[in-house]
Amino acid sequence: MGNSQGEVKLAQSAGNKTWAHGVVFKSRLWDVNQKSLYLQNNELIAGYLQAPNSALEEKIFWIRNRAFGQENFPVILSIQGGKSSLACSPGTPPELQLESVNIRDLCKDKEASTRFTFFMSNKDGVWRFESAAHPGWFLCTSSKANEPIGLINNPGSSHLVDFYFQPES
Numbered sequence: 001m002g003n004s005q006g007e008v009k010l011a012q013s014a015g016n017k018t019w020a021h022g023v024v025f026k027s028r029l030w031d032v033n034q035k036s037l038y039l040q041n042n043e044l045i046a047g048y049l050q051a052p053n054s055a056l057e058e059k060i061f062w063i064r065n066r067a068f069g070q071e072n073f074p075v076i077l078s079i080q081g082g083k084s085s086l087a088c089s090p091g092t093p094p095e096l097q098l099e100s101v102n103i104r105d106l107c108k109d110k111e112a113s114t115r116f117t118f119f120m121s122n123k124d125g126v127w128r129f130e131s132a133a134h135p136g137w138f139l140c141t142s143s144k145a146n147e148p149i150g151l152i153n154n155p156g157s158s159h160l161v162d163f164y165f166q167p168e169s
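If you count the sequence shown from 1, position 113 lands on 113 in UniProt numbering, and the numbers rise without skipping.
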């Protein structure tokens, strides 16, 4: 996976504002098995949301992390209107956490924002999100429904690292 036309299309669909300072975008994110994300007990869960529960789906708010320059499509991901950001724990193995940090406050300092930053890559219409703080570790869902999203460094049949990512207006 690498920089591709998919990243260009994402930038275009986001209104060509991806490098504008402080612009936050809203998108849908779901895994290739069609599991949506929802919040349960302060954990982001991937599961199948049917009609009455579809309103529970969490939208992803994201911003380009300008502190990392323009290489590798660095983004910070958040939910709840940009108020709760996805972060990688400092330990090994890293764990995915939700932290009450405003997405707009994170782009100001590269060192402070590293554990909140993911490098997005696109191949054949699917996206991967690699941790900037832990290279080789990717955002993932379990192959089982209603499990928390997490991080993995050796994707296989038990974890999915490929996502669909659709900007919303």
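Don't be surprised by glycine CBs; every beta carbon is placed ideally from N, CA and C.
Computed from a predicted structure; not experimentally measured.
Burial state of D31, where buried means 16 or more other Cβ atoms lie within 10 Å: Here residue 31 is taken as the residue at index 31 of the sequence shown, counted from 1. Under this definition D31 is a buried residue.
Length of the line joining the Cα atoms of I45 and P52: On the sequence shown, position 45 is the one that residue 45 refers to. On the sequence shown, position 52 is the one that residue 52 refers to. Distance between the alpha carbons of I45 and P52 is about 17 Å.
Candidates S78, M120, F73, of which the one nearest I60 by Cα: In the sequence shown, residue 60 corresponds to position 60, counting from 1. Closest in alpha carbon position to I60, among S78, M120, F73, is S78.
Pair within 7 Å by beta-carbon distance, G82 and I103: To locate residue 82, count along the sequence shown from 1; it is residue 82. To locate residue 103, count along the sequence shown from 1; it is residue 103. Closer than 7 Å, so yes.
N-terminal and C-terminal residue of the beta strand (DSSP E) that G112 is part of: The residue given as residue 112 occupies position 112 in the sequence shown. Reading off the sequence, residue 112 comes out as Ala, not Gly. For A112, there is no enclosing beta strand (DSSP E); the enclosing alpha helix (DSSP H) has its first and last residue at 110-113.
CA-to-CA distance, A145 to K35, given in whole angstroms: Against the sequence shown, residue 35 aligns to sequence position 35. Against the sequence shown, residue 145 aligns to sequence position 145. K35 and A145 have their C-alpha atoms spaced approximately 7 Å apart.
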